[in-house]
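Q:
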Amino acid sequence: MAKEYTIACVGKPSVGKSSTINSLTKNESLFKIGNYPFTTLTAQEGVSYIPFDCKCKGERTSCKPTYGHCVKGKRYIPIKVLDIPGLIPEAHLNLGLGNKFLDSLRTADLLIHCIDISGTTNAKGEATRGYDPINDVEFLIKEIKLWIYNNLDKRWGSIVRRHINTNSSIVETLTNQFAGYSANMSMVQKTIDKLTAKQEDKYLPSLDKWDEDMILDCIECFMEIKFPMVLSLNKIDHPDSNKNISKLVLKYQGKYEIVLTTAITEIFLQKLHTQGFINYETGTEFLDTFEDDPVNLKELPEAIMEKIEKIRDLILFRYGSTGIQDLLTTSAKVLDLIPVYTVKNINLLNEEDSNCYKDSFLIKKGSAVGEVKRHLFGIEVSIGSIVTTGNLRVSEDDQIFEGKNDILCFKLAPK
45 MAKEYTIACV GKPSVGKSST INSLTKNESL FKIGNYPFTT LTAQEGVSYI
95 PFDCKCKGER TSCKPTYGHC VKGKRYIPIK VLDIPGLIPE AHLNLGLGNK
145 FLDSLRTADL LIHCIDISGT TNAKGEATRG YDPINDVEFL IKEIKLWIYN
195 NLDKRWGSIV RRHINTNSSI VETLTNQFAG YSANMSMVQK TIDKLTAKQE
245 DKYLPSLDKW DEDMILDCIE CFMEIKFPMV LSLNKIDHPD SNKNISKLVL
295 KYQGKYEIVL TTAITEIFLQ KLHTQGFINY ETGTEFLDTF EDDPVNLKEL
345 PEAIMEKIEK IRDLILFRYG STGIQDLLTT SAKVLDLIPV YTVKNINLLN
395 EEDSNCYKDS FLIKKGSAVG EVKRHLFGIE VSIGSIVTTG NLRVSEDDQI
445 FEGKNDILCF KLAPK
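Just so you know, we're using the numbering used here here: the sequence shown kicks off at 45 and counts up by one.
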């Protein structure tokens, strides 16, 4: 089985997390929406679809994927999304069921931090005016860091003793400790490399010499590797948002990917599209109404039409979209994800009805071909040959990039 990548939507209460995931999953009934803390009492899962240019693009017909869908050469590949209940300050001390909610992050590969950029909710998600959303970025990082620290600190003495008694390396010891966060040895090695580079003398002391500051620095490096973050600045349609957007982008641009969003607008447009009042495609600025297509669309009430015109002018024209699809494409970019296609016959790639591209999944750019083999067949299966576009043979050590070795055909060795 291919790795199932997971995106977690996090943040304090009442910032639009559930609305964001509802718009991502196009399923309004999946998650409850409410303007009060703890709307979501358990972390809930949904499925969204990241768009990529499909290999069938330019052919006369779109392919029919086994998973996801393909529309006019645009392939939508599934990815799991989590709605993490609202976190409040001191969550790491279990305030507001904080530890339970933080534990839900363990399997996440990336965090979408949903921020109320209008500044109309305070640190606890209560209605206010003039709150600085920058506080929310710092608060979330602090809570996750201290949650991991508390988990380590209560066992640090025994961790160090075992480390010394087993003569393990720092990477080996910390891999065992970080395994509970779905981390592997490669992630921990990158963490240690990053931590070492931060030291003035580029030297890392032995584990028994680590103090609280060193442990916290290590956790911060680990978080950058394990929990990359995309900032979703939600509620951009609010009049107070502009000044906060400029301030936050100035502070964090370059450190985090930042996406401007209005989830509630996306849900509204999706609903009207489903009901046949408008023709709307997520991720674009284009929106047709009855006036544009009276044959296929129903006429909107005047009040709704006025709202549509405001959305056109203040959101779609100004920002280019509601930002919801940008969250997915940006997440894929941060995670270095690309689709790899596995086909039965490399010679039928251009046959109109072969549907040769039906099987694909997400993989990290630069992954070895052998990783795809293990996903498909496990480690016990013997492969006779692997070929890519042009009938070129590739080895299990060859790397996969967009346009290179991303279409693969595996032939099993004779028994």
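Glycine is no exception: its CB is placed at the ideal position from the N, C-alpha and C atoms.
With distances taken between CB atoms, is the gap from K342 to F321 smaller than 7 Å?
A: The answer is yes: Cβ separation under 7 Å.
Q: Should I423 be labelled buried (16 or more other beta-carbon atoms within 10 Å of its own) or exposed?
A: With fewer than 16 Cβ atoms within 10 Å of its Cβ, I423 is classed as exposed.
Q: One question on the structure: do V232 and T219 come within less than 7 Å of each other, judged by their Cβ atoms?
A: In this structure, T219 lies closer than 7 Å to V232 by Cβ.
Q: Taking E303 and S285 to be in contact with their CB atoms under 8 Å, please state how far apart those CB atoms are, rounded to whole angstroms.
A: In the sequence as presented, Glu is not what sits at residue 303; that position holds Val. Rounded, the Cβ-Cβ distance is 14 Å, inconsistent with contact.
Q: For K234, I'd like the list of residues in its chain whose CB is within less than 7 Å of its CB, leaving aside the five on either flank, ordered along the chain.
A: Closer than 7 Å at Cβ, skipping near neighbours: I269.
Q: Relative to the C-alpha of L379, which candidate in L154, D197, K47 has its C-alpha closest?
A: Residue L154 is the option with its Cα nearest to L379.
Q: Once DSSP output is grouped into helix, strand and coil, what is the label at T306?
A: It is coil, neither helix nor strand.
Q: Looking at the strands, I want to know which residues DSSP matches up with Y111.
A: Paired residue(s): none; Y111 is not in a bridge.
Q: Spell out the partners DSSP gives L392 in its beta bridges.
A: Paired residues: none, contrary to the question.
Q: Please work out which residues of its chain come closer than 8 Å, Cβ to Cβ, to L248, disregarding the five sequence neighbours upstream and downstream, and give them in chain order.
A: Counting only Cβ-Cβ distances below 8 Å, and skipping sequence neighbours, we find I214, I236, L239, T240.
Q: Using a threshold of 7 Å, state whether the C-beta atoms of T374 and E256 are closer than that.
A: No, the Cβ-Cβ distance between T374 and E256 is not below 7 Å.
Q: So C452 is in the beta strand (DSSP E); what residue range does that whole segment cover?
A: In the sequence on display, residue 452 carries Leu and not Cys. That run of the beta strand (DSSP E) goes 451-456.
Q: Please list, in chain order, all residues of the same chain as T217 whose beta carbon is under 7 Å from its beta carbon, the five residues on each side excluded.
A: Taken in chain order, the residues that qualify are I203, H207, L251.
Q: Indicate the three-state DSSP secondary structure (helix, strand or coil) for A52 in the structure shown.
A: Note: A52 maps to strand in three-state DSSP.
Q: For S277, list the residues DSSP reports as bridge partners.
A: Reading off the sequence, residue 277 comes out as Leu, not Ser. For L277, which the question treats as bridged, DSSP gives the partners I159, L304.
Q: If you draw a straight line from the C-alpha of N399 to the C-alpha of T386, how long is it?
A: Cα-Cα distance, rounded: 12 Å.
Q: Could you tell me how far apart the beta carbons of K279 and I427 are, in whole angstroms, since I believe they sit closer than 8 Å?
A: No, K279 and I427 are not in contact; Cβ-Cβ is about 51 Å, not under 8 Å.
Q: If you compare alpha carbons, which of S439, G434, L456 is closest to G447?
A: Measuring from the Cα of G447, the nearest candidate turns out to be G434.
Q: For E264, which residues in the same chain have their Cβ closer than 7 Å to its Cβ, ignoring the five residues on either side in sequence?
A: The answer, listed in chain order, is K189.
Q: Would you give the residue range spanned by the beta strand (DSSP E) that G428 belongs to?
A: Per DSSP, G428 belongs to the beta strand (DSSP E) from 427-432.
Q: CB S63 to CB I368, shorter than 7 Å?
A: Cβ distance not < 7 Å, so S63 and I368 don't count as in contact.
Q: When DSSP labels each residue in this structure, what does V91 get in the three-state scheme?
A: Strand.
Q: In terms of residues, what are the limits of the alpha helix (DSSP H) holding F222?
A: Taken as a continuous stretch (DSSP letters only), the alpha helix (DSSP H) holding F222 covers 214-222.
Q: Name, in chain order, the residues that DSSP records as bridge partners for K118.
A: Partner(s): D97, V115.
Q: Looking only at C-alpha atoms, which of D441, V438, L452 sits nearest to N391?
A: Checking every option, the nearest Cα to that of N391 belongs to L452.
Q: Since P57 and V91 are thought to touch, with beta carbons under 8 Å apart, how far apart are those beta carbons, to the nearest angstrom?
A: With 8 Å as the limit, P57 and V91 do not qualify as a contact, their Cβ atoms being about 24 Å apart.
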